[in-house]
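Encoded as structure tokens, the structure appears first; notes follow it.
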Amino acid sequence: MSPRIRQRIQALTSSALYKNRFYVLGLALQKGLPVLLVPLIVSVFGLPAYGEYALLFTVVQIYANLSSVAVTQAVVPLWFRQTDPGEFVQRVASLMLVLALAASPLGVAALTLGSATGFNLLSPLQQTGWVLLFAFVYNLNAMALAVVRSREQRGRFFWSVAIGAGVLLGLIGLASLVPQPTLAHLILAQILALAVATAVMLRGDLSGMFSLSVMRAPSTWLPVLQLSAPLCIYTLVVLYAMSVDKWIVKLWFSGAQFGSYVLDYQFAFAMMFVPMAIGLHNGPRVSALVAAGSFEILELEDRKMRRFTLIGSVGIAVIMFAYGRLTYLALTPGYWLLVVGFLCEGLYMLNSNRLMAELQTKRLLGPALLAALLLTGVLALAAAIARIELVYLASPVYFICLFTISSVQLRTLRRARASNNTRES
């Protein structure tokens, strides 16, 4: 082998993309397969059931966030500040379990009230049971993912996603054999696939994760809750922003417009594969660099990640538009407005990861509330004058606002740090 070829191979194997290839491949399956399966899911379960599942999953995300006070999101930022990360995770898991048990009666009451007031995608008993079960598996998966990311177990993440995707594909195939597959069948398939993927990530750890006595755990709970409580409120605002547009379209526009909007949204959202793949590696990396005080390296990597996000996201958006044409799923011109919004979201994710790594979670909440207020105004106007174009415009307005404010916040932090360094020197 010539020295030039050897040098190229060494450069390839040392690159960030090669090191994170399992993250990239895993996310390609995790985020790409559900979108690629849209034609199959729609043909098996019907377009109305697919749209209703998207709404129910939002309810699951909201309840999962509330019932855990977003403690799983605090694992990565705090991991690199612990002397014993393994024991720290066990105690956070104990906290998550206690919170889930305490929230169950409130969850049942809230979901029952929701059914009584018209939110009936399923029967009240079915709807409550599915949401509670789905939320617990969702939180357990989030905990497992946080641990895998912090330990940089990239291969384990890939295999968990690959096996879970295989389970999902097999269950959808089985559902196609049922005379009249329903929304409940689709929900069950998603829960089982997520549970299997979680079990793969936690193999060898699940039995020990909740082994510590709950009486010993509270010593770690307070700092976790101090970081996660603002994140809980922030996540609720984000979930509101990511779901209210679909509710507006479902309640104020025609069924055909609702189906078209959900398709446009899901196809455009596929471009988030790139920032999510970057975030799997970048989140723990940023937290480690901030904890070590290596800010010069952090700035260099940040600029590189922004270039990857811009180029990769736009590339995925073009590919998904072409895929929609090939499968005869008519994407509307509003698709490109959603693409602009998600491109800004990808850049905003880099900013929010940085703020979380610096334990500045309270700085996330104010801008999110302001952006959500703007979003609500645009959607209210869209409903009032019955213009679906304004619904498509709402997401770009929301994410442009978040990206702009968070960029200003990071610039302020950099200036404050530079001022402190000058004063100390």
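Positions 0 to 424 (numbering that gives the first Met the number 0) are the ones given, in order, by the sequence shown. All residues carry an ideal CB built from backbone N, CA and C; glycine is no exception. Predicted model, so just to flag it, every value in this text is computed and none were measured.
Going along the chain, which residues of its own chain have a beta-carbon closer than 7 Å to the beta-carbon of residue i, five neighbours each way excluded?
| i | result |
| --- | --- |
| lysine 303 | none |
| serine 394 | Asp244, Leu337 and Gly340 |
| valine 43 | Ile171, Ala174, Ser175 and Pro180 |
| alanine 194 | Val136 |
| leucine 132 | Ile190 |
| phenylalanine 252 | Ile387 |
| isoleucine 277 | Met304, Phe307 and Thr308 |
| alanine 415 | none |
If you drop the 5 nearest sequence neighbours on each side, which residues of the same chain put their C-beta closer than 6 Å to that of residue i?
| i | result |
| --- | --- |
| serine 212 | Confidence at serine 212 is low in this model, with a pLDDT of 48, below 50, so the placement of that residue is unreliable and no value is reported for it. |
| glycine 282 | Val75 and Asn352 |
| valine 289 | Ala356 and Glu357 |
| glycine 430 | Limits of the chain in this structure are 0 at one end and 424 at the other, which puts residue 430 out of reach. |
Specify the secondary structure class of residue i as computed by DSSP and reduced to three states.
| i | result |
| --- | --- |
| phenylalanine 134 | The sequence as given places alanine at residue 134; phenylalanine does not occur at that position. Alanine 134 falls in the helix class under three-state DSSP. |
| alanine 99 | helix |
| proline 180 | coil |
| glutamine 408 | helix |
| alanine 385 | coil |
| alanine 141 | helix |
| phenylalanine 341 | helix |
| proline 471 | Coverage of the chain is limited to positions 0 through 424, which leaves residue 471 absent and any answer about it impossible. |
| arginine 202 | coil |
| leucine 373 | helix |
| glutamine 488 | Residue numbering for the chain in the displayed model covers 0 to 424; residue 488 lies beyond these limits and cannot be assessed. |
| glutamine 89 | helix |
| alanine 329 | coil |
| threonine 82 | coil |
| threonine 360 | coil |
| leucine 36 | coil |
| valine 147 | helix |
How close, in whole Å, do the beta carbons of residue i and residue j come, if the pair is a contact with beta carbons under 8 Å?
| i | j | result |
| --- | --- | --- |
| asparagine 138 | alanine 198 | So it is not a contact: roughly 14 Å between Cβ atoms. |
| alanine 192 | glycine 163 | 5 Å |
| isoleucine 186 | leucine 55 | 7 Å |
| valine 390 | valine 248 | 6 Å |
| alanine 73 | leucine 230 | 7 Å |
| alanine 196 | serine 159 | 4 Å |
| valine 223 | valine 70 | 6 Å |
| phenylalanine 157 | leucine 24 | 5 Å |
| methionine 200 | valine 285 | Rounded, the Cβ-Cβ distance is 22 Å, inconsistent with contact. |
Taking the alpha helix (DSSP H) that residue i belongs to, which residues open and close that run?
| i | result |
| --- | --- |
| leucine 173 | 153 to 174 |
| alanine 321 | 294 to 325 |
| proline 47 | 46 to 67 |
| alanine 255 | 254 to 268 |
| proline 76 | 74 to 78 |
Among the residues of its own chain, which have a CB less than 8 Å from the CB of residue i, if the five just before and after it don't count?
| i | result |
| --- | --- |
| leucine 368 | Val236 |
| glutamine 371 | The sequence given here places alanine at residue 371; glutamine does not occur at that position. Correct list, in chain order: Val236, Tyr239, Ala240 and Tyr397. |
| glutamine 81 | Phe87 |
| proline 366 | Cys400, Leu401, Ile404, Ser405 and Gln408 |
Closer than 7 Å to a non-hydrogen atom of the ligand SAH - does that hold for the CB of residue i?
| i | result |
| --- | --- |
| proline 84 | Ligands displayed in this structure: none; no statement on the ligand SAH is therefore possible. |
Quiz item: When the Cβ atoms of the stretch 64 to 71 are set against those of the stretch 95 to 105, are three or more pairs found closer than 8 Å?
Solution: yes
Exercise. Check whether the stretch 173 to 181 touches the stretch 233 to 248, taking contact to mean three or more Cβ pairs, one atom from each stretch, closer than 8 Å.
Key: no
Quiz item: On the three-pair Cβ rule with 8 Å, is the stretch 369 to 380 touching the stretch 315 to 326?
Solution: no
Quiz item: If you pair each beta-carbon of the stretch 392 to 412 with each one of the stretch 342 to 360, do three or more pairs fall below 8 Å?
Solution: yes
Exercise. Would you be able to state if there are at least three C-beta pairs under 8 Å between the stretch 319 to 328 and the stretch 259 to 273?
Key: Below 8 Å, enough C-beta pairs join the stretch 259 to 273 and the stretch 319 to 328 to call them touching: three or more.
Exercise. Could you say if the stretch 79 to 98 and the stretch 252 to 263 meet the contact criterion of at least three C-beta pairs nearer than 8 Å?
Key: no
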